[in-house]
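Novice: Quick note on our numbering: the sequence shown kicks off at 3 and runs consecutively.
Glycine included, each C-beta is placed from N, C-alpha and C at the ideal position.
Here you go, one structure.
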Amino acid sequence: MIILTERLKAVASFVRGNRLIDVGTDHAYLPAHLLSAGKIDSAVLTDINPGPLKKAKSTISSAGFDDKCRFVLTDGLVGLDNEECTDISIAGMGGILITEILEKSEIAKRANLILQPMTHQHLLRKFLYDNGYSIEGESLAKEDRRIYQIINAVYTGKTESYTDTELYLGKKNIENRDPVLFREFCNKIHNELEIKYNGTKDPKLGEILKEIERIMEKL
Ligand SMILES: C[S@@+](CC[C@H](N)C(=O)[O-])C[C@H]1O[C@@H](n2cnc3c(N)ncnc32)[C@H](O)[C@@H]1O
Numbered sequence: 003m004i005i006l007t008e009r010l011k012a013v014a015s016f017v018r019g020n021r022l023i024d025v026g027t028d029h030a031y032l033p034a035h036l037l038s039a040g041k042i043d044s045a046v047l048t049d050i051n052p053g054p055l056k057k058a059k060s061t062i063s064s065a066g067f068d069d070k071c072r073f074v075l076t077d078g079l080v081g082l083d084n085e086e087c088t089d090i091s092i093a094g095m096g097g098i099l100i101t102e103i104l105e106k107s108e109i110a111k112r113a114n115l116i117l118q119p120m121t122h123q124h125l126l127r128k129f130l131y132d133n134g135y136s137i138e139g140e141s142l143a144k145e146d147r148r149i150y151q152i153i154n155a156v157y158t159g160k161t162e163s164y165t166d167t168e169l170y171l172g173k174k175n176i177e178n179r180d181p182v183l184f185r186e187f188c189n190k191i192h193n194e195l196e197i198k199y200n201g202t203k204d205p206k207l208g209e210i211l212k213e214i215e216r217i218m219e220k221l
């Protein structure tokens, strides 16, 4: 059985149904693990590049799940709108690329989404809230001194209000206050925004910094 790292373990924990589309699958560790664990029955693995898709085929073959997987060379979810799926994972890509993949897809509105943006997490949250997705859960995972953000969303058709601080920290992360990682995460976001603020003196950034400090005082 493939043992997942903390980041992919956190992604896997949000999978709810039995048929996954893993976008940008690369090594295919996530679907291979979920199939071995009996958590899903089948998977569609997509990647925009043939090299990673070849790697994915090799992982799935070694794990003995050829008959349970379909491999698709495509951009995001393009061409998959008639695919039956319960869950879609998009992990290890930039937040802007993830919004572009979701924007181009109707199937994303019918699935449980597990998103793990490497960058621009605040812009992905903004996209979700502005476009009728509800963020049902979030978590943090630490690997090699880096903190990763995992976002679980579903389409409800209703837009939701948010503050700038919530876009950066995540409403659910603020609610959950992960006992191990939340303080370190707040510090990291604070440091990043402080650097931007020192360069721009943007008053909006100044307000977000103060709000993060207020949240941290209560921890
Ligand atoms: C860093 S790997 C992430 C692998 C795996 N999902 C994970 O989280 O460990 C990113 C993968 O996304 C693929 N990719 C990049 N842009 C893509 C797109 N628009 N559609 C599908 N796959 C894409 C890359 O080829 C690469 O294999």
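#1: Quick check on the burial criterion: 16 or more other C-beta atoms within 10 angstroms. Buried or exposed for residue 40?
#2: Do residue 78 and residue 103 have their CB atoms nearer than 8 Å?
#3: What are the partner residues of residue 13, as DSSP defines its beta bridges?
#4: For residue 4, which residues of its own chain have a beta-carbon under 8 Å away from its beta-carbon, when the five flanking residues on both sides are left out?
#5: Can you tell me which of the three DSSP states residue 48 falls into?
#6: With a 10 Å radius around its C-beta and 16 neighbouring C-beta atoms as the bar for buried, classify residue 27 as buried or exposed.
#7: Classify residue 127 as buried or exposed, calling it buried when 16 or more other Cβ atoms lie within 10 Å of its own Cβ.
#8: Within the region 60 to 122, note down every full alpha helix (DSSP H) run reaching 4 residues or more, in order along the chain.
#9: Measure from the alpha carbon of residue 142 to the alpha carbon of each residue in 99, 213 and 118, then state which is nearest.
#10: Measure from the alpha carbon of residue 160 to the alpha carbon of each residue in 135, 101, 24 and 19, then state which is nearest.
#11: Specify, as a first and last residue, the run of the alpha helix (DSSP H) that residue 217 falls within.
#12: Using the DSSP secondary-structure output, state which residues sit across from residue 145 in a beta bridge.
#13: With respect to 7 Å, is the separation between the Cβ of residue 10 and the closest non-hydrogen atom of ligand 1 below this value?
#14: Should residue 77 be counted as a contact of ligand 1 given a C-beta to heavy atom distance under 7 Å?
#15: DSSP on residue 180, reduced to helix/strand/coil?
#16: What does residue 191 pair with, by DSSP beta-bridge criteria?
#17: Measure the C-alpha to C-alpha separation of residue 216 and residue 186 and round it to an integer number of angstroms.
#18: Quick one: give me the first and last residue of the beta strand (DSSP E) that residue 22 is part of.
Specialist: Taking the definition as stated:
#1: Looking up residue 40 in the sequence shown gives position 38. Here residue 40 is exposed. Its C-beta has fewer than 16 other C-beta atoms within 10 Å.
#2: Along the sequence shown, one-based indexing puts residue 78 at 76. Along the sequence shown, one-based indexing puts residue 103 at 101. Yes, the pair counts as a contact, with Cβ atoms nearer than the cut-off.
#3: Indexing the sequence shown from 1 puts residue 13 at position 11. DSSP, once it has assigned bridges, lists no residue as partnering residue 13.
#4: Along the sequence shown, one-based indexing puts residue 4 at 2. Cβ neighbours of residue 4 beyond the five flanking positions: 31, 34, 35, 38, 61 and 65.
#5: Your numbering for residue 48 matches position 46 in the sequence shown. Note: residue 48 maps to strand in three-state DSSP.
#6: Translated into positions along the sequence shown, residue 27 becomes position 25. In this structure residue 27 is buried. Its beta-carbon is surrounded by 16 or more other beta-carbon atoms within 10 angstroms.
#7: Position 125 of the sequence shown, counting from 1, holds the residue named residue 127. By the 10 Å Cβ count, residue 127 comes out buried.
#8: Qualifying alpha helix (DSSP H) stretches, in chain order: 97 to 105.
#9: The count along the sequence shown starts at 1 and reaches residue 142 at position 140. Ranking 99, 213 and 118 by Cα distance to residue 142 puts 118 first.
#10: Taking the first residue of the sequence shown as position 1, residue 160 is located at position 158. Shortest Cα-Cα distance from residue 160 to any of 135, 101, 24 and 19 involves 135.
#11: Counted from its first residue, the sequence shown places residue 217 at position 215. Here the alpha helix (DSSP H) through residue 217 covers 205 to 219.
#12: Numbered from its first residue, the sequence shown carries residue 145 at position 143. Note: residue 145 sits in a beta bridge opposite 148.
#13: Within the sequence shown, numbered from 1, the residue matching residue 10 stands at position 8. Yes; taking the cut-off as 7 Å, the Cβ of residue 10 has a heavy atom of ligand 1 nearer than that.
#14: As a working note, residue 77 is residue 75 in the sequence shown. Checking every heavy atom of ligand 1 against the Cβ of residue 77, one is found closer than 7 Å.
#15: Within the sequence shown, numbered from 1, the residue matching residue 180 stands at position 178. In the structure shown, residue 180 sits in coil (DSSP, three-state: anything other than H, G, I, E or B).
#16: Start at 1 with the first residue of the sequence shown, and residue 191 comes out as number 189. Paired residues: none, contrary to the question.
#17: Position 214 of the sequence shown, counting from 1, holds the residue named residue 216. Position 184 of the sequence shown, counting from 1, holds the residue named residue 186. Rounded to whole angstroms, residue 216 and residue 186 show a C-alpha spacing of 15 Å.
#18: Walking along the sequence shown from the start, residue 22 turns up at place 20. Bounds of the beta strand (DSSP E) holding residue 22 are 21 to 25.
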